[in-house]
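Residue numbers for the sequence shown follow this note's numbering, beginning at 5 and rising by one. Have a look at the structure below, then the notes.
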Amino acid sequence: MSGLQLFIAGLVIMLALAFWNWQRSSEQRNALQQSGFSADQRLGGTPELALDTRLRQFALIRADGYERFAFDQLRSAEIGFDVRAEANFHYRIELQLSSGSRRVDYGSEWEAQRALERLNAIVKEP
Numbered sequence: 005m006s007g008l009q010l011f012i013a014g015l016v017i018m019l020a021l022a023f024w025n026w027q028r029s030s031e032q033r034n035a036l037q038q039s040g041f042s043a044d045q046r047l048g049g050t051p052e053l054a055l056d057t058r059l060r061q062f063a064l065i066r067a068d069g070y071e072r073f074a075f076d077q078l079r080s081a082e083i084g085f086d087v088r089a090e091a092n093f094h095y096r097i098e099l100q101l102s103s104g105s106r107r108v109d110y111g112s113e114w115e116a117q118r119a120l121e122r123l124n125a126i127v128k129e130p
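Printed below as a string of structure tokens:
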């Protein structure tokens, strides 16, 4: 195989895995919705951070399942980051809950900051 053929084969495999992961995450979103959770606010990230303002709950949705938490279980939320090779940064929201901690990863500082601001504003609403 030539280099181009290997590249194309690798690209096809990556796209197939991404589609499979998206499909499984979509199934988890549907299961969450069937359990009574209405994701009226989606803040993105990995795992996906979704909020139900009526029930005052948030969920972390992964391809292999989801976790639900009441707003009052959230003790704090802040931006965290790692410095990786060649000065690349990896940004996340670090959630401190009454039952432990969780992370929601984002592609940029701007995305993480925007999601954190929305989360804080919604959780603090009466």
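Cβ coordinates follow ideal geometry from the N, Cα and C atoms, glycine included.
Contacting residues, own chain, Cβ-Cβ under 6 Å from residue i (five flanking each side not counted)
{"i": "Leu99", "result": "Ala81, Arg106"}
Secondary structure of residue i, DSSP reduced to three states
{"i": "Arg72", "result": "strand"}
{"i": "Ala63", "result": "strand"}
{"i": "Glu121", "result": "helix"}
Supposed contact pair residue j and residue i - C-beta distance, whole angstroms, cut 8 Å
{"i": "Ala54", "j": "Arg46", "result": "5 Å"}
{"i": "Leu101", "j": "Arg79", "result": "6 Å"}
Own chain partners of residue i with C-beta closer than 7 Å, once the 5 adjacent residues on each side are dropped
{"i": "Pro51", "result": "Leu64, Ile65, Arg66, Val108"}
{"i": "Gln117", "result": "Ile83"}
{"i": "Leu120", "result": "Ala81, Ile83, Ile97"}
{"i": "Ile126", "result": "Gln45, Leu55, Thr57"}
Short Cβ contact (8 Å threshold) for residue i with residue j
{"i": "Arg96", "j": "Gly84", "result": "yes"}
{"i": "Arg60", "j": "Phe75", "result": "yes"}
{"i": "Glu115", "j": "Gly48", "result": "yes"}
Chain-order list of residues whose beta-carbon lies under 8 Å from that of residue i (same chain, five-residue window excluded)
{"i": "Leu36", "result": "Ala43, Ala54, Ala63, Ile65, Tyr70, Arg72"}
Alpha-carbon spacing of residue i relative to residue j, whole angstroms
{"i": "Leu8", "j": "Gln77", "result": "51 Å"}
{"i": "Ser39", "j": "Arg33", "result": "10 Å"}
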